[in-house]
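Numbering (the UniProt record's numbering), first residue to last: 1 to 51.
Even for Gly, the Cβ is constructed at its ideal location relative to N, Cα and C.
This one's a predicted model, so the numbers in the text were calculated from it and none came from an experiment.
The structure under discussion appears below in the form of structure tokens.
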Amino acid sequence: FAAYIRAAVRKEKGLPILVELLRMDNDRVVCSVATALRNMALDARNKELIG
Numbered sequence: 001f002a003a004y005i006r007a008a009v010r011k012e013k014g015l016p017i018l019v020e021l022l023r024m025d026n027d028r029v030v031c032s033v034a035t036a037l038r039n040m041a042l043d044a045r046n047k048e049l050i051g
């Protein structure tokens, strides 16, 4: 199920939104987004797109 969600977020163009949220001034948001991106990077295609 998690693999499906990772692919769905990528297909719905969610990765750029997550990356944009890294610029927030709120440390809790940045930490949560960083964790989400780490989890998203478990998918090889997402990892390539994230950089």
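Asked, Found
"Neighbourhood of residue 40 by C-beta distance below 6 Å, restricted to the same chain and skipping five residues each side", "6, 46"
"Spatial neighbours of residue 9 in its chain, beta-carbon cut-off 7 Å, leaving aside the 5 residues before and after", "15, 40"
"Helix, strand or coil at residue 27 [DSSP, three-state]", "helix"
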